[in-house]
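A.B. asks: Mind the numbering: the sequence shown is residues 1 to 356 in the UniProt record's numbering, read in order. Positions of the beta carbon are idealized from the N, C-alpha and C atoms, including for glycine. Quick one: this structure, given as structure tokens, is what I'll be asking you about.
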Amino acid sequence: MNYPRLDIYVNQIEENANKLQKELAMKGIKLTAVVKGFAGDLNIFKAYQRAGIKSIADSRIENIIKFRETGYQDEIMMLRIPMPSEINEIVPYIDSSLVTEARTAELFSREAAAAGKEIDLIVMVDIGDRREGILAEKLIELARVIESLEAVNLKGIGTNLGCFAGIIPDKNNTEKLITIKKDLENQLDRKLDILSAGNTATLRLLEQNSLASEITNLRIGEAILLGTDIINERLIAGLNHYNFRLQAEIVELKEKPSNPEGEMAFGGAGRGQIIEDKGLRKRAILAVGKQDIDYHGLYPQLEGVEVLGASSDHLITDITGVSKKLKVGDILTFKINYSAMLGAMTSHYVTKKYIK
Ligand SMILES: *Cc1c(COP(=O)(O)O)cnc(C)c1O
Numbered sequence: 001m002n003y004p005r006l007d008i009y010v011n012q013i014e015e016n017a018n019k020l021q022k023e024l025a026m027k028g029i030k031l032t033a034v035v036k037g038f039a040g041d042l043n044i045f046k047a048y049q050r051a052g053i054k055s056i057a058d059s060r061i062e063n064i065i066k067f068r069e070t071g072y073q074d075e076i077m078m079l080r081i082p083m084p085s086e087i088n089e090i091v092p093y094i095d096s097s098l099v100t101e102a103r104t105a106e107l108f109s110r111e112a113a114a115a116g117k118e119i120d121l122i123v124m125v126d127i128g129d130r131r132e133g134i135l136a137e138k139l140i141e142l143a144r145v146i147e148s149l150e151a152v153n154l155k156g157i158g159t160n161l162g163c164f165a166g167i168i169p170d171k172n173n174t175e176k177l178i179t180i181k182k183d184l185e186n187q188l189d190r191k192l193d194i195l196s197a198g199n200t201a202t203l204r205l206l207e208q209n210s211l212a213s214e215i216t217n218l219r220i221g222e223a224i225l226l227g228t229d230i231i232n233e234r235l236i237a238g239l240n241h242y243n244f245r246l247q248a249e250i251v252e253l254k255e256k257p258s259n260p261e262g263e264m265a266f267g268g269a270g271r272g273q274i275i276e277d278k279g280l281r282k283r284a285i286l287a288v289g290k291q292d293i294d295y296h297g298l299y300p301q302l303e304g305v306e307v308l309g310a311s312s313d314h315l316i317t318d319i320t321g322v323s324k325k326l327k328v329g330d331i332l333t334f335k336i337n338y339s340a341m342l343g344a345m346t347s348h349y350v351t352k353k354y355i356k
């Protein structure tokens, strides 16, 4: 088996998907499983199928096509605001998309009409996180454009919090979202089916039993894959945690002064930072780097290992605090966060091992 290696606990992911789907269904909420985190891996995708997931969302057309080619016929949502240049290619494969631009909606309508189908659109509203989303006061204008188009249906509105500014979903901004939907319904003089309130960060409202009954849909990625919520840096109770583990091999083991030596340049990785002088330290270099993972998201399982940094192909660790005797060729294991998982799944240098 080659290293670096990612051990993927597919059954634990399946359990998480199944459990969340049931829990949300009891509240009348449809779960859309966000699968963008695993780069279209079909072994993991099949775990979602076994869990009974009937609605998925991805942001990359390559993955979406792969899923359809397995024979999957249930719902696929385009998660990222699509590029105008990819709309004609993506229309045959998807049922719905998030949108924020009239131009995108118009292209969807044109391409869907040409393909003889209809695409459901959910307009994303920015209620504070400042990533994608139209501001509430501009919503009606876009809604009217969509209503006037031929082959698209305005299904509802959604929002995304937590991912850019780190704004936490709470009672206050949920109520704001509900009001925005009601106002829009009044202006259009009809009801809208979907209020897609958010992502994993929104689950904290579910746990506090304060998720508003108006919410009809949640788009959940991280909670299923890792059982964690990066926004609040917490483990979600009742789910399986850290279902991806990275294994990497030690290629150098030396005692070195913690302090760099020589004139220090600025502008590169780690350069210009002040490094505390800790004297002679035991350093282990592992054969994994920025091409494979986000090193900020590695949590060593062996006590006493400290991650210092990484370059393209090297992970630099301080192992002075490790009581066990390590040698070159030993393997260290890391729990990983969402960002490190994204990298590891995308890097073809990382071997994947599926553990049932
Ligand atoms: C990634 C993403 C999600 C899922 O977020 P998680 O925190 O992984 O649950 C939901 N909605 C949108 C628009 C996303 O881009």
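Inspect the CB distances between the stretch 220-235 and the stretch 308-325 and report whether three or more fall short of 8 Å.
C.D. replies: Flag = no, the stretch 220-235 and the stretch 308-325 do not touch.
A.B. asks: Any heavy atom of ligand 1 closer than 7 Å to the Cβ of Arg204?
C.D. replies: Checking every heavy atom of ligand 1 against the Cβ of Arg204, none is found closer than 7 Å.
A.B. asks: Return the first residue and the last residue of the alpha helix (DSSP H) that Ala25 is part of.
C.D. replies: Taken as a continuous stretch (DSSP letters only), the alpha helix (DSSP H) holding Ala25 covers 10-26.
A.B. asks: In chain order, what residues of the same chain have a beta carbon less than 8 Å from the beta carbon of Glu118, not counting five sequence neighbours either side?
C.D. replies: Once the five neighbours on either side are set aside, the close Cβ partners of Glu118 are Ala112, Ala151, Val152, Asn153.
A.B. asks: Look at residue 358 and Tyr3 and say whether their C-beta atoms are less than 8 Å apart.
C.D. replies: Nothing about residue 358 can be read from this structure; the chain reaches only from 1 to 356.
A.B. asks: Taking contact to mean 3 or more Cβ pairs, one atom from each stretch, closer than 8 Å, check whether the stretch 135-151 and the stretch 61-79 are in contact.
C.D. replies: Touching, no.
A.B. asks: Less than 8 Å between the C-beta atoms of Ile157 and Ile127, yes or no?
C.D. replies: No, they are not a contact pair.
A.B. asks: Under three-state DSSP, which class holds Gly156?
C.D. replies: Note: Gly156 maps to strand in three-state DSSP.
A.B. asks: Does the count of Cβ pairs from the stretch 204-224 and the stretch 11-30 closer than 8 Å reach three?
C.D. replies: Yes: at least three Cβ pairs fall under 8 Å.
A.B. asks: Kindly give me the distance between the Cβ atoms of Met345 and Asp41, rounded to whole angstroms, as I take these residues to be in contact under 8 Å.
C.D. replies: Right, their Cβ atoms sit about 6 Å apart.
A.B. asks: Measuring alpha carbon to alpha carbon, tell me which of Asp183, Ile194, Lys176, Glu147 ends up nearest Lys155.
C.D. replies: Nearest C-alpha to Lys155: Ile194.
A.B. asks: By Cβ distance below 6 Å, which residues in the same chain neighbour Tyr9 in space, the five residues on each side in sequence not counted?
C.D. replies: Same-chain partners within the cutoff: Asn243, Ile355.
A.B. asks: Starting from Thr32, trace the beta strand (DSSP E) in both directions and tell me its first and last residue.
C.D. replies: Residues 30-34.
A.B. asks: Hey, is Thr200 close to ligand 1, as in C-beta under 7 Å from one of its heavy atoms?
C.D. replies: Yes; taking the cut-off as 7 Å, the Cβ of Thr200 has a heavy atom of ligand 1 nearer than that.
A.B. asks: Taking Ser59 and Lys36 to be in contact with their CB atoms under 8 Å, please state how far apart those CB atoms are, rounded to whole angstroms.
C.D. replies: Right, the Cβ-Cβ distance comes to about 5 Å (below 8 Å), so this counts as a contact.
A.B. asks: Is the Cβ-Cβ distance between Lys327 and Ser311 less than 8 Å?
C.D. replies: Not in contact: Lys327 and Ser311 (Cβ atoms no closer than 8 Å).
A.B. asks: Comparing the CB of Leu79 with every heavy atom of ligand 1, is any distance shorter than 7 Å?
C.D. replies: For ligand 1, at least one heavy atom lies less than 7 Å from the Cβ of Leu79.
A.B. asks: Would you mind stating whether Asp292 and Ser347 have Cβ atoms separated by less than 8 Å?
C.D. replies: Cβ atoms of Asp292 and Ser347: closer than 8 Å.
A.B. asks: For Gln247 versus Asp74, is the C-beta spacing smaller than 8 Å?
C.D. replies: No, they are not a contact pair.
A.B. asks: Do Ala223 and Leu20 come within 8 Å of each other at the CB atom, strictly closer than that value?
C.D. replies: Yes, the pair counts as a contact, with Cβ atoms nearer than the cut-off.
A.B. asks: Report the CB separation of Ala47 from Ala33 in whole angstroms; it is logged as a contact under 8 Å.
C.D. replies: Incorrect: roughly 10 Å between the Cβ atoms, too far for contact.
A.B. asks: What does a CB cutoff of less than 8 Å around Val322 pick up in its chain, not counting 5 residues either side in sequence?
C.D. replies: Excluding residues within five positions, the ones whose Cβ falls inside 8 Å are Lys282, Leu302, Glu303, Gly304, Val305.
A.B. asks: May I ask which residues mark the beginning and end of the alpha helix (DSSP H) holding Thr104?
C.D. replies: Run containing Thr104: 102-115, per the alpha helix (DSSP H) assignment.
A.B. asks: Do Gly309 and Tyr295 have their C-beta atoms within less than 8 Å of each other?
C.D. replies: Result yes, Cβ atoms of Gly309 and Tyr295 sit closer than 8 Å.
A.B. asks: Hey, Gly185 and Asn160 are a contact pair by Cβ (cut 8 Å); roughly how many whole angstroms apart?
C.D. replies: The identity of residue 185 in the sequence shown is Glu, whereas the question assumes Gly. Rounded, the Cβ-Cβ distance is 21 Å, inconsistent with contact.
A.B. asks: If you check the beta carbons only, do Gly221 and Asn240 fall under 8 Å apart?
C.D. replies: No. Outside cutoff.
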